[in-house]
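Okay, structure first, notes after.
Protein chains: 2
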Amino acid sequence: MSPTTTKLAIWTHPHGPFANTRTAVIDAATTLFLQSGYPGTSMDEIADAAGVSKRTLYNNWADKEHLFRTVVLEASPVARQLADEITDELAAPDDLHLALTSIAQRQIRAATSHRLVKLRRLLIGEAHRFPDLAAEYYDLAPGTVMAAMAAALERLARQGSLRVDDPTRAAEHFAFLVLGASLDRALFTVEADDDPPDERLDTVAEDGVRAFLRAYATDGSQPTRPAP
Amino acid sequence: MSPTTTKLAIWTHPHGPFANTRTAVIDAATTLFLQSGYPGTSMDEIADAAGVSKRTLYNNWADKEHLFRTVVLEASPVARQLADEITDELAAPDDLHLALTSIAQRQIRAATSHRLVKLRRLLIGEAHRFPDLAAEYYDLAPGTVMAAMAAALERLARQGSLRVDDPTRAAEHFAFLVLGASLDRALFTVEADDDPPDERLDTVAEDGVRAFLRAYATDGSQPTRPAP
DNA sequence: CCTACCGATCGGTAGG
DNA sequence: CCTACCGATCGGTAGG
Numbered sequence: 001m002s003p004t005t006t007k008l009a010i011w012t013h014p015h016g017p018f019a020n021t022r023t024a025v026i027d028a029a030t031t032l033f034l035q036s037g038y039p040g041t042s043m044d045e046i047a048d049a050a051g052v053s054k055r056t057l058y059n060n061w062a063d064k065e066h067l068f069r070t071v072v073l074e075a076s077p078v079a080r081q082l083a084d085e086i087t088d089e090l091a092a093p094d095d096l097h098l099a100l101t102s103i104a105q106r107q108i109r110a111a112t113s114h115r116l117v118k119l120r121r122l123l124i125g126e127a128h129r130f131p132d133l134a135a136e137y138y139d140l141a142p143g144t145v146m147a148a149m150a151a152a153l154e155r156l157a158r159q160g161s162l163r164v165d166d167p168t169r170a171a172e173h174f175a176f177l178v179l180g181a182s183l184d185r186a187l188f189t190v191e192a193d194d195d196p197p198d199e200r201l202d203t204v205a206e207d208g209v210r211a212f213l214r215a216y217a218t219d220g221s222q223p224t225r226p227a228p
Numbered sequence: 001m002s003p004t005t006t007k008l009a010i011w012t013h014p015h016g017p018f019a020n021t022r023t024a025v026i027d028a029a030t031t032l033f034l035q036s037g038y039p040g041t042s043m044d045e046i047a048d049a050a051g052v053s054k055r056t057l058y059n060n061w062a063d064k065e066h067l068f069r070t071v072v073l074e075a076s077p078v079a080r081q082l083a084d085e086i087t088d089e090l091a092a093p094d095d096l097h098l099a100l101t102s103i104a105q106r107q108i109r110a111a112t113s114h115r116l117v118k119l120r121r122l123l124i125g126e127a128h129r130f131p132d133l134a135a136e137y138y139d140l141a142p143g144t145v146m147a148a149m150a151a152a153l154e155r156l157a158r159q160g161s162l163r164v165d166d167p168t169r170a171a172e173h174f175a176f177l178v179l180g181a182s183l184d185r186a187l188f189t190v191e192a193d194d195d196p197p198d199e200r201l202d203t204v205a206e207d208g209v210r211a212f213l214r215a216y217a218t219d220g221s222q223p224t225r226p227a228p
């Protein structure tokens, strides 16, 4: 094995060439921060997990806090997609009950996914240390979904399908009827064998949608209550 | 000044004699843990703030984790009182809308109070380190209130005032319609000048109660929507 | 010569 | 109950 070959092996191990160093660090830091929290994760552990030296971390980020901010803001943008889906699917739905149920089921699954619950725990637990970051995330992720839902509900009200005085309040009512209890419980309950299975989440979401429509549907636009 | 006098001054400063040592430590530890989190609070700081030596801490608690558990479990029992009020006031209300609004307003004020929000942040942020403690608190505090509300709603359904298939689900819907959005936002937003004032919380609670009654009241048992 | 990175170790502080 | 101190580990940086 020539020296050149050896050098190549070093360049490509374990995470490929230079361009991917940043990705490798962010991946490792994300995993560790979500697992053990901010003070519970050392820069040494991150460096080890990423397969780089600690000096590399400090060549790319000023300090631990800056790396943490990168991790949080790059872990967010699932929300954008859900917001777009809400806007599209509620534009002019054939069956409002069905459309809302489909959205509700995706919303509760996203909100109670292990990854998102861990990210919320991390941000909530560090809100006193990173108040601006926690607020920024909240406006960015749940805020985007909530704004899309409020706009969609306002449109549906103009179309005559719903009776909505305050679209923002109605969007909050929809979201928390659907996922409030499940999300709150998930924040306090560390992932276990008795995590709610998908079909149970679907039922919870359906119950939330039914309650929402009883509260917000225009009279006669939907059956008040389907027989059990 | 005699040595005895000097000694007495030490005994009674700053938190009185021996019996109150435990209280002084718990008070100091509660303040510091709620302020700076578990790893952000040192046993030295707690000892200093309580006016005792670090050795006293370890004479009363095996280690930092045991002291933390004491702090969390002694900070809880506000919930018991709210649960009792729910049971009493919803037993046979003259005006259901009024009774639910009164309960909702106390519930949202308690849930968004700085102290309770900080306690939630602390437990959620440390749920990975203390999974059993987080679960125990959740069953003890929100769980107690939710159980009382479910029982009360079931009773009201038997009296004919409400239409309730699943009392637990209905209690969740009530709680999260009333306080879900406010609580979720409070967890991410560190106490600031723009905290929601009491009258705004009251409005949010009223909106939640109205939506709940539109969804759960029996037909004709209440006006569907008061004119604005 | 550069960028990217290494092994080794700094001063301070944690829980106990 | 205090001062002094431990083994271990923190975030951040030295020279090469």
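As they're listed, the protein sequences go chains A and B. Per this note's numbering, numbering of the first sequence is gapless, rising by one per residue and ending at 228. Per this note's numbering, numbering of the second sequence is gapless, rising by one per residue and ending at 228. Note that the Cβ used here is the ideal one computed from N, Cα and C, for glycine as well.
Take the Cβ of Q105(B) as the centre, count every other Cβ of all protein chains shown within 10 Å, and call the residue buried at 16 or more, exposed below.
The residue in question, Q105(B), is buried, as its Cβ has 16 or more Cβ neighbours within 10 Å.
Distance check for D219(A) and L98(A), CA to CA, integer angstroms please.
L98(A) and D219(A): Cα-Cα distance of roughly 18 Å.
Can you check whether the C-beta of E45(B) is within less than 8 Å of a C-beta belonging to chain A?
No, its Cβ sits nowhere closer than 8 Å to a Cβ of chain A.
Between the Cα of G143(B) and those of K64(A), D139(A), H128(A) and T189(A), spot the shortest distance and give me the residue it belongs to.
Considering only alpha carbons, the answer is T189(A).
Please report the straight-line C-alpha distance between N60(B) and L122(A), rounded to a whole angstrom.
The alpha-carbon atoms of N60(B) and L122(A) are separated by roughly 31 Å.
For T189(B) and chain A, any beta-carbon pair shorter than 8 Å?
T189(B) counts as touching chain A.
Tell me the rounded alpha-carbon separation between S113(A) and A91(A).
Rounded to whole angstroms, S113(A) to A91(A) spans 27 Å at the Cα level.
For the stretch 84 to 97 of chain B, which residues have a beta carbon sitting closer than 8 Å to at least one beta carbon of chain A?
Flagged: no residues at all.
Would L73(B) pass as an interface residue toward chain A - the criterion being a Cβ-Cβ separation below 8 Å?
Closer than 8 Å: no.
Apart from the five residues on each side of it in sequence, which residues of its chain come closer than 7 Å, Cβ to Cβ, to V72(A)?
Counting only Cβ-Cβ distances below 7 Å, and skipping sequence neighbours, we find L123, L133 and Y137.
Look up L232(B) in the DSSP assignment and give the residues it is bridged to.
Within the shown structure, residues of chain B are numbered from 1 to 228, placing residue 232(B) beyond reach of any answer.
With distances taken Cα to Cα, identify the nearest neighbour of V164(A) among A175(A), A150(A) and L177(A).
Ranking A175(A), A150(A) and L177(A) by Cα distance to V164(A) puts A150(A) first.
For G160(B), which of H66(B), L96(B) and L187(B) has the nearest alpha-carbon?
For G160(B), the nearest C-alpha among the options comes from L96(B).
Does the CB of L201(B) have a neighbour CB from chain A at under 8 Å?
With 8 Å as the cut-off, L201(B) does not count as an interface residue toward chain A.
Less than 8 Å between CB atoms is the rule here; does L100(A) satisfy it with respect to chain B?
Taking Cβ atoms only, chain B never reaches closer than 8 Å to L100(A), which makes this a no.
Where does L32(B) sit, in a helix, a strand or coil, going by DSSP?
In this structure, L32(B) counts as helix in the three-state DSSP scheme.
Can you find a C-beta in chain B that's less than 8 Å from the C-beta of L177(A)?
Output row for L177(A): interface = yes.
Which residue marks the beginning of the alpha helix (DSSP H) containing V71(A), and which one marks its end?
Residues K64 to E74.
Does I103(A) come within less than 8 Å of chain B when only Cβ atoms are used?
Taking Cβ atoms only, chain B never reaches closer than 8 Å to I103(A), which makes this a no.
Helix, strand or coil: which one does DSSP assign to P223(B)?
Reliability fails at P223(B), whose pLDDT of 48 lies under 50, so the model's placement of it is uncertain and no value is given.
Could you please give the first and the last residue of the uninterrupted alpha helix (DSSP H) stretch that includes L98(B)?
Taken as a continuous stretch (DSSP letters only), the alpha helix (DSSP H) holding L98(B) covers L96 to T112.
Quick one, which of R120(A), G180(A), A111(A) and A62(A) has its alpha-carbon nearest L82(A)'s?
For L82(A), the nearest C-alpha among the options comes from A111(A).
Below 7 Å CB to CB, which residues in the same chain sit around F33(A) once its five sequence neighbours on both sides are set aside?
Here the set comprises T41, F68, V71 and L122.
Quick check on P167(B): buried or exposed, where buried means 16 or more other Cβ atoms within 10 Å of its Cβ?
By the 10 Å Cβ count, P167(B) comes out buried.
With burial defined as no fewer than 16 other Cβ atoms inside 10 Å of the residue's Cβ, what is the status of D184(A): buried or exposed?
Classification for D184(A): buried.
Residues of chain A with CB closer than 7 Å to the CB of A181(B), please, in chain order.
Neighbours of A181(B) on chain A, chain order: E172 and F176.
How would you list, in chain order, the residues of chain B whose beta-carbon sits under 9 Å from the beta-carbon of I124(A)?
By Cβ distance, chain B contributes R120, R121, I124, G125, L187 and F188.
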